[in-house]
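Worksheet for the structure shown next.
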Ligand code: NAD
Ligand code: DAU
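Residue numbers (the numbering used here): 3 to 343.
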């Protein structure tokens, strides 16, 4: 099977590519990625290139998208996005371009090339925020996005829905909770806390720290997407959640404990504007219909993920210093000529 992965140089996309090449010996994967600040080819270093290749490009550029689609694909998995809520608050424009227009370009290309399936990787943030007493979001919960990021993802979901209903483009939307695991850009909470704590730097906790997130190991998310590709129904939406709800402050304290660091590193800072209080996902549809279950609960997997960041200090230090851009500048210009913008 030929699979086009967009955004495959980012956190989840790179884990997904590694997962697919390991588990499916007959899959050939092309990674189409713009290499924004979040794209890091080092995430894919050492990968066997017999069934993998990289194409640099922007999902919002119809010419580049047409060129890559002309290679012919059965399945497209769209991870490409601006993904960080805080950045969307500072500057929403790139979120609208990539997450909304980019999705429209991909849907159009999927339509004209007749792909068998397009998986639109969405997020639980499209549902908005829950109070502690409320039941988890189901696929039928109303969309109520609160950040520019979440609004852009909800808009993309609406496009996917419309392209299915109008043109019968075979699209499936997945809405997953917060991921953690190797190769996560250290602007996100868990890798930020781990890498700051290792360096004895202050750890910023927004507001009162009592916001709740449901955390899933990235490999469980990757397996869920693979299950959707293999057994999902076009036009359907699947929530993906691990049922591991934790308050931010408790998670931060647990990481500090596991690293043997002092809680005095914690600094409560101003809250994120529009900060969603709680996310919780009802994943019973994907469990029931596709037989997927999460296997790496936070309590068991967190020590191993912390160990990964400890063992891969060079990786995150190059990201934090900006030197990772030199890495892919070198790889990029050696292989394909030219440099980055
Ligand atoms: P990330 O920021 O780590 O990676 C995004 C990737 O997309 C990068 O490689 C970047 O270079 C690429 N990209 C950005 N704009 C592009 C464009 N215009 N064209 C081509 N490539 C482009 O993101 P992530 O955390 O891996 O998230 C991947 C997807 O999963 C996103 O769609 C996100 O909304 C969704 N998601 C993430 C989480 C999470 O916890 N991280 C949870 C649920 C859903
Ligand atoms: O729920 C899925 C979403 O999870 C994805 O769609 C997003 O792409 C992904 O970034 C993530 O969004 P969050 O906003 O939940 O993740 P983040 O890691 O930015 O923050 C997690 C929680 O920690 C949130 O309540 C804000 C808080 N936080 C975050 C940072 C970066 C802090 O308290 N301090 C921080 O420095």
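C-beta atoms are modelled at their ideal positions from N, C-alpha and C, and glycine is treated no differently. Predicted model, so just to flag it, every value in this text is computed and none were measured.
Bounds of any alpha helix (DSSP H) do not take in residue 180; it lies within the beta strand (DSSP E) bounded by 180-182. For the 8 Å CB-CB criterion, residue 66 and residue 59 form a contact. The alpha-carbon separation between residue 114 and residue 291 amounts to approximately 30 Å. For residue 214, the distance from the CB to the nearest heavy atom of the ligand NAD is not below 7 Å. Between the alpha carbons of residue 191 and residue 57 lies a gap of roughly 30 Å. Contact between residue 149 and residue 200 does not hold, since their C-beta atoms are separated by about 29 Å, which reaches or exceeds 8 Å.
Counting other Cβ atoms within 10 Å of its Cβ, residue 120 reaches 16 or more and is therefore classed as buried. Taking one beta carbon from each stretch, the region 225-239 and the region 260-280 have fewer than 3 pairs nearer than 8 Å; the two do not touch. Remark: the C-beta of residue 97 is outside contact range of the ligand NAD, defined as less than 7 Å to any heavy atom.
Residue range 315-323 is occupied by the alpha helix (DSSP H) that includes residue 321. Judged by DSSP in its simplified three-state form, residue 4 adopts strand. If you draw a straight line from the Cα of residue 88 to the Cα of residue 170, it comes to about 35 Å.
Within its own chain, the residues whose Cβ lies closer than 6 Å to the Cβ of residue 154, once the five positions on either side in sequence are excluded, are 97, 98, 101, 102, listed in chain order. The beta carbon of residue 23 lies closer than 8 Å to those of 29, 31, 49, 50, 53, 54 in the same chain, with the five residues before and after it left out. Nearest neighbour of residue 177 by Cα position, chosen from 207, 141, 211, 108, turns out to be 141. With a cutoff of 7 Å, residue 38 counts as near the ligand NAD, since its C-beta is closer than that to a heavy atom of the ligand.
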